[in-house]
Structures are given as C-alpha cells and as structure tokens.
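These protein sequence lines map, in sequence, to chains H and R.
The first sequence runs contiguously to residue 852 in the working numbering.
The second sequence runs contiguously to residue 485 in the working numbering.
Glycine included, C-beta positions come from ideal geometry on N, C-alpha and C.
Report on the following structure.
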Amino acid sequence: MTPTRPGGPRSWAQTWRAAAAGTLVALSVRHAFLVSTRETAAQAPIDRLYAPLARAMPRTETYVEYVQDREEDHAAKANRRMAQFAVAPVILVDREPGSRWILAWSDDPSRLEGLGAERGGRLVARIEGGFALFERSPR
Amino acid sequence: VTPVLVVIASALAAFALVRRARRGAPADGAERLLRGVTVLALASGMAVTTVAALLLALGSPDAAAAPPVVAGAALACAAAGLLAWRARRTGDALAAPLPVPAGPGAGRLLPAGVAVACLAVAAAFVVRTANEPNGHWDAFTFWNVRGRMMLRGGSDPAVVFSSRLHPVHPDYPLHVPGSVATAWWILGEDAWWAPALVAAVWLAVLAAATGAWAAKERGAAAGCAAVLLLLAAPHVVACASWQFADVPLAATLALSFAWLRAAWLGPGPAAGGALALSGACAGLAVWTKNEGWPLLVSLALVVLARPPPPLSRPRAVLRFLAGAAPLALVTLAFKTALVEPNDLVKGAARPGAWHALLDLPRIGRIAGAFLAEPFRSTHWSFLFPAALGLALLPRRGPARPGSGAAWAVVLLVTLAYGGVYVLTPHDLEWHLVASLHRLFVHLWPAVVVLALARAWPRLAGESTPQSQVNPGPITV
C-alpha cells in the first residue's frame with residue numbers, strides 16, 4: 714500500500730474522499746444500530762419442534778397424519794405451518810387417515826392426548842408448542 | 010467421515026482447477042484473494058453435487074458410512090490431493106497484466122473503515138439471526154427444508170423432491186439446500202445455526218469477491234471503496250440473514266464478472282483460463298438459483314460478440330462453455346430427470362402467454378417497478394442511484410478495455426429479468442413485490458465495481474492516468 718499523501722496539507726479531493734468513505738461506514742454502523750434497537754418478536758427455532766420428532770420417528774417414515782382440535786384459527790394455522798416445514802420430508806397429510814404416525818396440536822394440553830387416542834394412536838412424545846406425536850400399531 | 014472427505018476432496022480439486030486455469034498469471038494480493046474465494050465457491054458446488062448424488066444413490070447418511078463408500082471417498086481425496094500437488098507447480102511467468110494506474114493508495118483509513126463496516130454488518134447479521142433463527146419465509150419454507158428433504162428423503166426422488174408440501178419448489182437448484190444438508194450431515198444433527206453459518210460465509214465471499222475484483226480493476230483503495238459501498242446498502246445484510254439463495258447467487262455472479270474482467274485485463278496468455286473460471290462460476294450460479302441462467306447465457310453471448318484478446322471467437326466461447334458445462338449440465342440433468350418444470354416454465358408454455366410481450370401497459374408497469382426499486386431507501390439508502398450516477402460521470406482518461414462488455418452483461422441480465430415478469434403466470438404486482446428487490450441484490454456487486462472502476466480516475470484525482478503506473482509486486 715502506498716501512503717495516502719506523502720506530506721503537505723490535505724487537499725480538497727482527499728477531504729472529499731474521506732467524507733465519502735466515512736459516510737459509507739456510518740451507513741453500515743447506522744443499520745446495525747437500528748437493527749439492534751428495534752423491538753422484534755424473536756422466533757423459536759423450528760428445530761425445537763423438529764428435533765423431538767426426528768428422535769421419535771425412524772428416518773424412513775414418509776407420511777404423518779396431522780390433526781388439530783380447532784380450525785380457522787390464526788394460531789392453529791401458524792402452528793400447522795410450522796409443523797409442516799419442521800417435519801418435511803415426513804410429508805404432512807391433512808385429514809388423510811391411515812398413516813402410522815399422527816402429529817396433533819392443541820392449545821389445551823388436556824385435550825391433546827385425546828386427539829391422538831381417538832384415532833388409535835399411542836403417545837410417543839410431547840413437543841414444545843402444543844404438539845404431540847402418536848404412533849398407531851402396525852396393522 | 011464421508012461428508013468431511015467429500016468436502017476436503019472438493020476443496021483440493023477446486024484448488025487444482027483454479028491454479029491450473031491461472032497458471033503463470035502474476036498473483037498479487039487481489040488475484041490471490043479472488044483465487045481463494047473462487048476455490049471456496051467452486052469447492053462448495055462440487056461438494057454439494059457429490060453429497061446430493063451420494064444421498065440419492067445410497068438412500069441415507071447411515072448407508073454412506075459403509076466401509077466401501079468411505080474408502081471411495083478417501084480415494085477421491087487422495088486423487089484430488091495429487092492433482093492439487095501437481096497444480097502447485099506454477100509454470101513459466103507470463104507477461105504482466107495491464108498496469109493499475111497509481112491513484113492514492115489504500116492508506117490506513119480505508120482498511121480501517123472496511124474493518125468497522127464489516128464489524129457493523131456482522132453485528133447486524135447476528136442480531137437479525139437471533140430474531141429469526143430459521144431465516145425468513147423462503148428459507149424455512151423451501152431452501153432449508155429442502156436440505157432436510159435431501160438428508161431424510163431416502164433414494165426416492167418422488168419423496169426427496171416431493172411437491173406435496175406446498176410451496177416447497179422442488180425444481181429449485183440444490184446448491185444452497187445441499188450446502189445446508191452437508192453441514193447437517195457433518196454435524197450429525199439439524200442444528201439451527203448451520204444454515205445461518207452458510208449464509209454468513211456467502212456474505213463474506215460476496216464482500217471478498219467484490220473487493221478483489223475492484224482491486225484488480227483499480228488497485229487496493231478501489232477494492233476497499235467497493236466493499237464499503239457494497240455493505241452500506243442495508244438490503245445486502247438483510248438478504249443474507251434471511252438465509253435466502255440470493256446472496257450466494259450475487260457472490261457467484263460477482264466471481265463470474267471478475268474473471269471475465271480478468272480475461273480482459275490480462276495477461277493475454279492467461280485469458281483462456283480466466284474465461285473458463287468465469288464460466289465455472291456462471292455454472293455455479295445456475296446450480297444456485299434459476300436466475301443464474303440469464304447470467305450464463307448473457308456472458309456467453311457477450312464473449313461470443315467481444316472475445317477478450319488475444320483469443321479467437323470460437324476459442325473464447327469454447328473456454329467459457331468448458332468451464333460452465335459441468336455444473337450447468339448437472340443442473341439440466343436434475344431439472345429434466347428428477348423434477349417437473351416450475352410454475353414459470355409452465356406459465357410461459359401456456360397458450361397465448363407470449364402475447365404479453367406486446368402488452369405495453371404491462372411492460373410499462375414492470376419498467377416503472379425496475380426504475381423505482383433503486384430509490385427504496387430502506388433497501389439501498391439511495392446508494393444504487395448514486396452508483397449509477399458515478400457510472401454516468403464523464404470518463405477521465407482512457408477506458409479500461411472490455412468494461413463495455415461487462416456493462417452489456419448487466420444490461421442483458423436486467424432485460425432477461427424483466428422478460429420473466431412479462432411472462433409470469435402469477436399476479437404481476439405480487440410477483441414484483443415478492444422478488445424484484447432481490448434481483449437488484451444480484452446485480453449490486455457488478456454495478457458497484459463497474460461504476461467505481463469507471464469513475465475512479467476522477468474520484469482518485471488522477472490527472473494523467475497513463476503517466477503513473479503502479480505495476481505492483483509481481484509474484485508468480
């Protein structure tokens with residue numbers, strides 16, 4: 714690297730360049746500051762849902778039946794969406810009974826076990842966020 | 010062990026490839042940095058391709074732990090190591106490249122500014138990742154979930170690339186999902202931070218590629234200025250923290266451009282190798298996102314129209330295509346043999362779709378959106394129009410050879426992106442809002458470097474650009 718100036722007073726061009734570079738640095742710092750002071754609701758990692766499922770289910774399983782005790786509710790929809798992307802490629806099947814595994818969601822823990830049991834499932838794992846995984850006996 | 014061996018073999022093979030392509034070319038700091046990030050990028054592409062093939066062929070990571078597979082991977086590692094060792098012999102020194110006019114050096118302030126900006130961007134990335142550990146919508150609905158599908162889907166392509174999970178986009182290329190799958194495979198668990206780490210690495214590659222390219226054009230100070238300008242646009246770090254494939258694509262685009270410019274900047278005997286590397290990076294872009302295709306085709310057309318001297322037209326095109334072919338063919342095979350065409354392709358094939366090319370009000374709405382996006386202050390802090398303004402300043406001194414060809418690629422890619430919106434089967438407004446801002450991220454590094462390279466003699470206060478030259482240390 715060569716020195717910025719070998720000596721002598723700082724020229725107008727040098728001042729201009731320093732100001733331009735300083736502005737660009739300030740923009741990066743400003744963005745970091747704005748991001749860090751903004752109040753944002755932090756997401757829970759999907760893995761909190763996924764990891765227990767991955768532990769409970771064999772890798773070769775492909776389909777899961779999904780049940781929930783309420784429809785058309787924003788929270789239920791959001792949970793279902795999270796569940797879908799968490800369990801892929803264990804493909805989530807809505808209202809298509811018969812798969813070995815059942816993933817159930819309810820905002821009422823006392824109802825959760827009933828959701829799986831009604832469909833002949835045995836509770837395998839309770840999962841954060843109001844989910845539970847059930848296994849049907851192989852036919 | 011198998012994925013680790015695959016990554017090592019890929020890195021060694023990429024090192025050998027880059028070294029061979031640039032044999033004899035003088036290696037100053039900018040060249041070494043550019044080579045380094047190119048090795049990283051190409052190694053990633055090779056490793057992902059191998060991992061995807063292994064998972065599909067064997068059905069599961071567990072099967073890949075079988076001794077014959079590990080032995081095969083070790084053998085590949087040894088072969089790649091031999092290639093890398095042979096490639097270390099650099100060959101005879103070629104002529105020096107075009108000299109970089111000696112403007113003001115980088116001094117201490119500019120590198121210090123770059124360090125501060127990098128720290129600020131890293132802090133913004135960490136905070137954003139803490140708030141959205143799984144990234145934004147596209148990341149947790151398809152980019153990363155497809156990595157999970159590759160890892161757990163077995164050997165049945167109908168499951169691995171299943172479209173039953175809407176909207177998982179099974180036809181999207183596998184580079185980013187494969188990188189995440191490789192990281193998870195190595196870790197032995199689907200750690201949430203692995204996709205975030207992949208995203209951070211690509212952000213660093215993008216910054217390094219942009220800086221190295223600008224330094225090759227106009228020296229170290231220009232390289233620092235390019236990194237500052239690139240990172241000052243807040244949308245760059247936002248897109249990276251979202252864990253989308255757009256920043257990796259922007260990085261591969263920057264590398265393709267940089268090697269195209271290296272072919273022009275010389276030395277002449279190394280132009281063919283530089284073009285092959287440009288093609289290889291364009292092939293990686295295609296393997297990263299569908300938007301890589303416009304880049305590959307545009308670059309090929311520009312190389313055909315204006316081959317860098319001393320290459321003849323057929324030789325230049327052949328070198329470029331030889332570099333692009335491996336990953337472009339992998340992507341074509343994936344798209345034709347394993348997955349169905351996507352919604353855009355099906356939409357363009359529907360009867361009457363091409364009539365939209367004559368729909369002037371629709372084209373006007375698209376052009377308006379393209380003109381408005383650079384002025385979105387939340388994305389660009391008005392830096393995009395500022396960079397374009399720099400490019401429009403009257404040039405001082407002679408032009409760097411071939412820079413018009415690079416601008417032509419930018420223009421062709423922009424037109425191709427516009428064409429996609431003309432033909433899209435989706436609601437136009439929705440499609441523009443959902444994706445246009447990210448297309449500008451792809452082109453941002455090229456706009457930064459080409460604008461700075463053009464305006465640099467004026468910015469640096471060079472009065473007689475040809476009277477002072479700084480050949481720099483030439484080490485081979």
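- Of the residues assessed, residue 255 of chain R falls on the buried side of the cut-off, its CB having 16 or more other CB atoms within 10 angstroms.
- Within chain H, no residue has its CB atom less than 9 Å from the CB of residue 253 of chain R, the nearest being about 15 Å off.
- Its Cα nearest to that of residue 398 of chain R, the residue R:459 stands out among R:459, R:208 and R:272.
- Residue-level contact check: residue 66 of chain R does not touch chain H, since none of the beta carbons of chain H fall below 9 Å from its beta carbon.
- Using a Cβ-Cβ cut-off of 9 Å, residue 783 of chain H is close to nothing in chain R; its nearest Cβ partner there is about 22 Å away.
- Here the segment 409 to 425 of chain R makes contact with the segment 447 to 464 of chain R; the two share three or more CB pairs at distances below 8 Å.
- For residue 823 of chain H, none of the residues of chain R pass the 9 Å Cβ criterion, the least Cβ distance being about 30 Å.
- Here the C-alpha atom of residue 231 of chain R lies approximately 51 Å from the C-alpha atom of residue 766 of chain H.
- Residue 187 of chain R and residue 49 of chain R have their alpha carbons spaced roughly 15 Å apart.
- At least one CB of chain H lies nearer than 9 Å to the CB of residue 126 of chain R.
- No residue range can be given for residue 32 of chain R, since it is assigned to no alpha helix (DSSP H) and is classified by DSSP as neither H nor E.
- Per DSSP, the beta bridge partners of residue 846 of chain H are H:816 and H:838.
- Annotation: residue 846 of chain H has no Cβ neighbours in chain R at a cutoff of 9 Å; minimum Cβ distance is about 16 Å.
- Annotation: the continuous alpha helix (DSSP H) that includes residue 140 of chain R extends over 118 to 140.
- Straight-line spacing of the CA atoms in residue 195 of chain R and residue 157 of chain R works out to 13 Å.
- C-alpha of residue 127 of chain R to C-alpha of residue 434 of chain R: approximately 40 Å in a straight line.
- Legend: CB atoms of the segment 135 to 152 of chain R lying less than 8 Å from CB atoms of chain H belong to residues 136, 137, 139, 140, 141, 142, 143, 149 and 150.
- In the displayed model, residue 797 of chain H falls within a helix according to three-state DSSP.
- Among the CB atoms of chain H, one or more fall inside 9 Å of the CB of residue 390 of chain R.
- Counting other Cβ atoms within 10 Å of its Cβ, residue 388 of chain R reaches 16 or more and is therefore classed as buried.
- In this structure, the alpha-carbon of residue 169 of chain R lies about 8 Å from that of residue 160 of chain R.
- One alpha carbon belongs to residue 166 of chain R, the other to residue 204 of chain R, and they sit about 23 Å apart.
- Around the C-beta of residue 37 of chain R, 16 or more other C-beta atoms lie within 10 Å, and the residue is accordingly described as buried.
- In this structure, the straight-line span from the alpha carbon of residue 837 of chain H to that of residue 845 of chain H is close to 8 Å.
- In terms of beta-carbon proximity, residue 455 of chain R stays away from the interface with chain H, with every pair separated by 9 Å or more.
- DSSP places residue 58 of chain R inside the alpha helix (DSSP H), whose first and last residues are 38 to 67.
- Selection R:74, R:222 and R:96 evaluated against residue 269 of chain R yields R:222 as nearest (Cα-Cα).
- Chain-ordered, the chain H residues with CB closer than 7 Å to the CB of residue 240 of chain R read 741.
- Beyond the five residues adjoining it in sequence on each side, residue 148 of chain R comes within less than 7 Å, by CB distance, of 204, 251, 252 and 253 in the same chain, given in chain order.
- The Cβ-Cβ distance between residue 258 of chain R and residue 298 of chain R falls below 9 Å.
- When DSSP states are grouped into helix, strand and coil, residue 469 of chain R belongs to the coil group.
- Taken atom to atom, the span from the alpha-carbon of residue 249 of chain R to that of residue 31 of chain R is near 30 Å.
- In the DSSP annotation of this structure, the continuous segment of the alpha helix (DSSP H) that includes residue 226 of chain R starts and ends at 202 to 227.
- Look at the segment 308 to 381 of chain R and you find these whole runs of alpha helix (DSSP H), each 4 residues long or longer: 322 to 342, 352 to 358 and 369 to 381.
- The residue from R:393, R:440, R:237 and R:190 with its alpha-carbon nearest to that of residue 122 of chain R is R:237.
- The C-alpha of residue 729 of chain H lies about 24 Å from the C-alpha of residue 407 of chain R.
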